[in-house]
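> Below you'll find the structure I mean.
Residue numbers (this note's numbering): 15 to 323.
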């Protein structure tokens with residue numbers, strides 16, 4: 015048995031199909047937090063299984079309806095968890111800053127569960143929110159007409175795909191008001207200038223590895239889930255696409271993809287598309303440094319977007 019893929023410290027994949035993931039520091043949920051929010055884990059679909067962590071800000075405005083932010087973690091579709099310390103603190107603090115209920119989804123991972131599994135799992139979280147609104151006490155104040163989708167890296171990719179599924183699903187009972195992808199993970203068979211630049215070989219190889227692990231058998235990087243230009247949507251569907259703010263980081267290898275994504279949406283006629291760049295920052299800095307000044311600025315920017323829609 016030999017190792018066929020590795021992200022050191024995160025995942026190893028072996029020739030017999032077995033996978034070893036390394037446990038990173040995790041945070042337990044708590045209904046008592048000094049940071050102004052409480053959290054708990056819920057089951058979205060026990061048959062798959064799909065779970066999520068909910069964050070509820072403490073507030074005295076008991077009668078006030080609040081927006082819902084559904085968040086999808088990153089990790090190349092192959093690693094990551096709502097329990098990771100960085101996600102827990104970033105999203106808990108974001109729930110306070112934005113005065114939102116946050117639902118952070120743990121979807122099934124590749125290579126055991128290749129795309130579009132993650133898309134389907136994450137879309138089921140929208141069904142869960144609408145179904146449990148009347149019975150889940152933490153959703154009592156949820157305004158299902160103001161639901162936002164966000165996520166970083168692969169999670170930003172997922173937010174895009176979940177939005178498309180919501181547009182096409184006539185039975186969807188929540189209203190997606192906006193998307194907030196952070197450093198979204200997209201690709202294509204054609205390389206970008208940054209991917210062909212000197213010194214990009216290591217980052218490019220890692221990106222390609224995660225796409226190999228996650229793409230359906232027989233697919234290449236022009237699969238619709240990788241190359242956003244390959245999705246088939248009519249003009250009427252694009253007109254119903256929600257407002258989008260794309261967050262990119264100056265030093266991120268994926269920055270070029272994020273900028274192109276925003277430009278693509280504008281060309282399709284999506285209204286309210288904007289791009290925000292974090293100067294001097296790298297990929298998913300908010301996860302690795304959830305209490306940094308740059309992360310606090312990101313939370314402020316996201317809160318302003320949510321509260322203006």
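Backbone N, C-alpha and C fix where the C-beta goes; we use that ideal spot for every residue, glycine too.
No experiment lies behind these values; they were computed from the predicted model shown.
1) Applying the 10 Å Cβ sphere with the 16-neighbour rule, what's the burial state of residue 128?
2) Tell me which residue opens and which closes the beta strand (DSSP E) that residue 65 is part of.
3) Output the distance between the C-alpha atoms of residue 130 and residue 230, rounded to the nearest integer angstrom.
4) Where do the N-terminal and C-terminal ends of the beta strand (DSSP E) with residue 120 fall, by residue?
5) Note down the Cα distance separating residue 228 from residue 90, rounded to an integer number of angstroms.
6) Using the DSSP secondary-structure output, state which residues sit across from residue 261 in a beta bridge.
7) Quick check on this structure: which residue in 270, 169, 282 has the alpha carbon closest to the alpha carbon of residue 253?
8) Please name the residue in 311, 136, 305, 31 whose C-alpha comes closest to that of residue 325.
9) Assuming residue 158 contacts residue 188 under a Cβ cut-off of 8 Å, what Cβ separation, rounded to an integer in Å, is found between them?
10) Going by the CB atoms, is the gap between residue 306 and residue 259 shorter than 8 Å?
11) Per DSSP, which one or two residues make a beta bridge with residue 33?
12) For residue 25, tell me which candidate among 183, 68, 92, 322 has the shortest Cα-Cα distance.
13) Can you tell me which of 292, 303, 297, 298 puts its alpha carbon nearest to the alpha carbon of residue 315?
14) What number of angstroms, rounded off, separates the C-alpha of residue 180 from the C-alpha of residue 173?
15) So, does the region 38-48 touch the region 96-105, judging by three or more C-beta pairs under 8 Å?
16) Report the partner residues of residue 163 according to the DSSP bridge assignment.
17) Are the region 204-224 and the region 267-280 touching, with three or more C-beta to C-beta distances below 8 Å?
18) Would you check if the region 80-90 and the region 160-167 touch, i.e. whether three or more CB-CB distances between them fall below 8 Å?
19) Would you mind reading off the limits of the alpha helix (DSSP H) that contains residue 111?
20) Would the beta-carbon of residue 241 fall within 8 Å of that of residue 200?
21) Can you tell me which of the three DSSP states residue 150 falls into?
22) Name the one or two DSSP bridge partners that residue 56 has.
Considering the structure as presented:
1) buried
2) 64-71
3) 8 Å
4) 115-120
5) 8 Å
6) 196, 290
7) 282
8) Here the chain has residues from 15 to 323 only, and residue 325 is not among them.
9) 5 Å
10) no
11) 27
12) 92
13) 292
14) 10 Å
15) yes
16) 84, 193
17) yes
18) yes
19) 99-112
20) yes
21) coil
22) 66
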